[in-house]
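Structure first, then comments.
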Amino acid sequence: MSFRIAAALGAAWLAVGSLAGPARAHEGHDHGAPPPPVSKSIAPRGEAASEAFELTAIPRDGKVMLYLDRFRTNEPVRGGVLEIETPEGPKTATETEDAAYLLPAPWLANAGSHDLMVTVTAGDAVDVLTVALSIPETKAPGAAPAAAPGENALARSSAAVADLKARLVAKDPILILTASAAFLLGMLITVLARGRRSLPAVAVMAVVVTLALGTAAFAHGDEDHGAPAKGAPVQGAALLDPAQPSSDLAQRLPDGSVFVPKPTQRLLVLRTTMTEQATFHRTVELPGRVIPDPNASGVVQSSVGGRLSPPASGLFPRLGTTVKKGDVLAYVTPPVQAVDVSDMRQRQGELDQQIDVVERRVDRYRKLATTGAVAQTQLDDALSELKGLQDRRTALDKVRQQPEALVAPVDGVIAQASAVAGQMATAGGMVFQIVDPTRLWVEALSFDALTPAGNATARFADGRTLSLDYQGAGLADRNQAIPVQFAVKGNTAGLRVGQFLTVLAGTDAEQSGLALPRAAVVRSGNGQAIVYEHVAAERFEARQVRVEPLDGTNVLVAEGVGAGKRIVTEGAELLDQVR
Amino acid sequence: MIPWRMALMVGALLALPVHAHEVSGQHGGRVTDAGKYHVELVAKGETVDVFVSDGSQKPVSATGFKGTAILVVGGKPARVPLEPADGNRLSGKASVALGESPKGAVQLTAPDGATASGKFN
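Protein sequences, first through last, are from chains A and B. All residue numbers in the first sequence are consecutive under this note's numbering, ending with 579. All residue numbers in the second sequence are consecutive under this note's numbering, ending with 700.
Structure, rendered in structure tokens:
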């Protein structure tokens, strides 16, 4: 029995020996089946942080690149002075174009741990930071923060199993050869142990069986031999070639965090903010639209129906024309009906006749008044009667020619214009609307009474926001809601009257939590809201959060992250794309 | 009895490094970790004294050590080269009077060439 065990052991030993040898590639199957550990592709680096700064040192090719950022905001610090204590005395790093600092460091060529002491002067802030750089042996430059040894062993064994499987499937000639040799060896040992009587017969049988099995295995092997040379460059081992310089690429680490090298962070313009616990007023979202300020807008209407004609300039004001209060925008000439015309002619005739009579009377009185035959009072009466008649006559003439002038009631810009020369304006019809574009209001419909104190913001569909000032609320329901009016504070550029927006108005209810910009919260693949926390200089970790609406630009993180954490506010969407 | 004492010793040894950050040391200065050493910084007037001890607070001879202290005084960094003095003490003189407890860092180069640095906030 022990001989069989010895034979089996021999077979196993041989098999292991051949498999453990340098793995040569055979037609395309991948020897490095598991992906290389992530840390292999990250160059060694050191980082340090203080309350003001975050410093990352990346040694490469006898130089050290130092990346200096603000600790809270992750904003690159430009124009800083970095003085580094080196074995050759204090040296100052030179600033490069992309806000990094470069220091030639030939002394970093030696493997081992190097401690750098960096004095940072940026503006009026001075800080001393210590960075530990661990330079691995040149044979294995990827030895920086490596995966746990247990993981490595596991990965290696699973790789070996995968390799064996692949070889079996591919009918690897080496494998078959090994198995055959082992079988023969086992047989030989058995025979030697048992004695030499049946040696020739057993030997012949063993060789025949081995050959038969072996050729059967090789029978389909033609295609296998074709391309060992071709397959060689694709082998996985090439990816782990230690001689190649490691490249720094943003990547998602196995623990789910995202590694983003400093140069990439600069490229993505990642900015962070420090979370702070605070109390905020709860807000409600109301549908609203832009209306003109009632005290800074007006309409131009015709009081009589009539024909429109342009003002003295000959041109009607167009849309967007700036007008001043009192400017004549148009004339309305009331039409004279046929019956009125005959009526006026009649009145005209009568007046002319009366004027004629009174004129003659005045002449006569004037002559007689000098002699005293007619009292002076009679002459005066006749004169005033004549004047009254003449006035009435001229007024009758004027009515026929004088049109009504339409004047601008306020300063502003023509927002609506419907004037066309010769058009008949109806009495009370709006001809122009004038709006002061710098004074606009927002009217929203609220289903519950708002507190006047609360400041409100408005958000457009495209994400722009406005700051609003509460003006007042109506008491009469409209569409079963109360109209609430707000004045737009600040810049009103780009707003149009009638534009729809969402008003976020504060209520009395208070909420406590962390306010973060809306852009800081991204949707993960499974639909959950996440934010990215800046845990180390080049590491970001996703944190699941529960968010509640706060106002136009911010959301309230009710749960998920605590205070005093650095959360990515800009570029979170890009960070989420890193695979 | 012996296991009890050993347990106590082990406990003390484990507890020491935990409390090693920024505690006051035997010489009345501040103590921080610098690589495998503990350094205690005593700044008095213009003199900077740095005491080196190992992980279990045992003094390490300063002979062969070199050091530099950079301390921020009044918003300006002051660089102080440190030379071995007696015992486990390295000493240096600054050009300006140092405050009560200036923040900064100390870098030590051990006799074997290894560098270690500690930060004082």
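Just so you know, even glycine gets a beta-carbon here, dropped at the ideal spot from N, CA and C. Nothing here was measured: the structure is a model prediction, and the numbers come from that model.
(message) Tell me the residue span of the alpha helix (DSSP H) that contains Q346/A.
(response) 338-371
(request) Anything in chain B within Cβ reach of T92/A, meaning under 7 Å, just list it in chain order. (result) Near T92/A there are no residues of chain B at all, since even the closest Cβ is about 12 Å away, more than 7 Å.
(request) Please go through the same chain and pick out, in chain order, the residues whose beta-carbon is closer than 6 Å to the beta-carbon of K730/B, but skip the five residues on each side of it. (result) Missing from the structure shown is residue 730/B; chain B here goes from 580 to 700 and no further.
(request) Could you check if A582/A is buried or exposed, using at least 16 other CB atoms within 10 Å of its CB as the buried criterion? (result) Shown here, chain A extends from 1 to 579; a query on residue 582/A therefore has no answer.
(message) Just verifying my parser: in three-state terms, what is the DSSP assignment at S512/A?
(response) strand
(request) Run the proximity test for A415/A: is its beta-carbon closer than 7 Å to any non-hydrogen atom belonging to the ligand NAD? (result) Annotation note on the ligand NAD: not contained in the displayed structure, which lists no ligands.
(message) Going by C-alpha to C-alpha distance, which of G513/A, P335/A, F486/A, A43/A sits closest to K262/A?
(response) A43/A
(message) Helix, strand or coil for A395/A? Go by DSSP, reduced to three states.
(response) helix
(request) Would you mind stating whether A648/B and V685/B have Cβ atoms separated by less than 8 Å? (result) Closer than 8 Å, so yes.
(message) Is S640/B close to chain A? Criterion is C-beta to C-beta, closer than 8 Å.
(response) no
(request) Would you kindly work out how many angstroms separate the C-alpha atoms of G472/A and V561/A, rounded to a whole number? (result) 38 Å
(request) Tell whether a beta-carbon distance below 8 Å holds between T273/A and T569/A. (result) yes
(message) Looking at R271/A: is its Cβ nearer than 8 Å to the Cβ of G571/A?
(response) yes
(message) Please tell me whether L308/A and V420/A are closer than 8 Å, where the distance is taken between their beta carbons.
(response) yes
(request) Determine which residues of the stretch 105-119 of chain A have a Cβ less than 8 Å from any Cβ of chain B, and write them out in chain order. (result) G112, S113, H114, D115, L116, M117, T119
(request) Measure from the alpha carbon of F280/A to the alpha carbon of each residue in R478/A, K325/A, G314/A, P549/A, then state which is nearest. (result) P549/A
(request) Determine the contact status of A613/B and S670/B, defining contact as a CB-CB distance below 8 Å. (result) no
(request) Give the residues from the stretch 666-698 of chain B that approach chain A closer than 9 Å (Cβ to any Cβ), ordered along the chain. (result) K682, G683, A684, V685, Q686, L687, T688, G692, A693, T694, A695, S696, G697, K698
(message) Using the Cβ count rule (16 or more neighbours within 10 Å means buried), how would you classify G607/B?
(response) exposed
(message) Here's the rule: buried if 16 or more other CB atoms are within 10 angstroms of the residue's CB, otherwise exposed. What is Q485/A?
(response) buried
(request) Look at the alpha carbon of A342/A and the alpha carbon of Q390/A, and state the distance between them as a whole number of angstroms. (result) Checking the sequence shown, residue 342/A turns out to be Ser, not Ala. Between S342/A and Q390/A, the C-alpha separation is close to 20 Å.
(request) Can you give me the Cβ contacts of N554/A inside the same chain, cut-off strictly under 7 Å, excluding the 5 residues immediately before and after it? (result) Excluding its 5 nearest sequence neighbours in each direction, N554/A has C-beta neighbours in its own chain below 7 Å: A515, L516, P517, R518, listed in chain order.
(request) Quick one: give me the first and last residue of the beta strand (DSSP E) that R45/A is part of. (result) That residue, R45/A, is in no beta strand (DSSP E); it is neither H nor E in DSSP.
(request) Taking only the alpha-carbon atoms, compute the straight-line gap between R70/A and R539/A and give it to the nearest angstrom. (result) When rounded, the distance between both Cα atoms is 15 Å.
(request) Using a Cβ-Cβ cut-off of less than 7 Å, give me the residues of the stretch 76-89 of chain A that come near chain B, in sequence order. (result) E85
(message) Against chain B, does A130/A count as a neighbour if the rule is that its beta carbon must be under 8 Å from one of theirs?
(response) Here residue 130/A is Thr; the residue named in the question, Ala, does not match the sequence. Output row for T130/A: interface = yes.
(request) In the DSSP assignment, find the unbroken alpha helix (DSSP H) run with E83/A in it and report its ends. (result) From DSSP, E83/A is part of no alpha helix (DSSP H) but of the beta strand (DSSP E) over 81-86.
(request) For R579/A, count neighbouring C-beta atoms within 10 Å of its own C-beta (all shown protein chains included) and say buried if the count is 16 or more, exposed if not. (result) exposed
(message) Against R658/B, what residues of chain A qualify as contacts under a CB-to-CB distance less than 9 Å, listed in chain order?
(response) E83, E85, P90, T119
(request) Would you check if the stretch 437-444 of chain A and the stretch 290-300 of chain A touch, i.e. whether three or more CB-CB distances between them fall below 8 Å? (result) yes
(request) With distances taken Cα to Cα, identify the nearest neighbour of D633/B among L650/B, V659/B, K615/B. (result) K615/B
(message) So V64/A contacts chain B; which residues on that side make the cut at Cβ distance below 9 Å?
(response) Near V64/A there are no residues of chain B at all, since even the closest Cβ is about 14 Å away, more than 9 Å.
(request) Reducing DSSP to helix, strand and coil, say where R252/A ends up. (result) strand
(message) Using the three-state DSSP reduction, which class does D381/A fall into: helix, strand or coil?
(response) helix
(message) Please give me, in chain order, every unbroken run of the beta strand (DSSP E) with length at least 3 that falls completely inside the stretch 634-685 of chain B.
(response) 645-652, 655-663, 668-672
(message) Using beta carbons (cut-off 8 Å, strictly below), is D124/A in contact with chain B?
(response) yes
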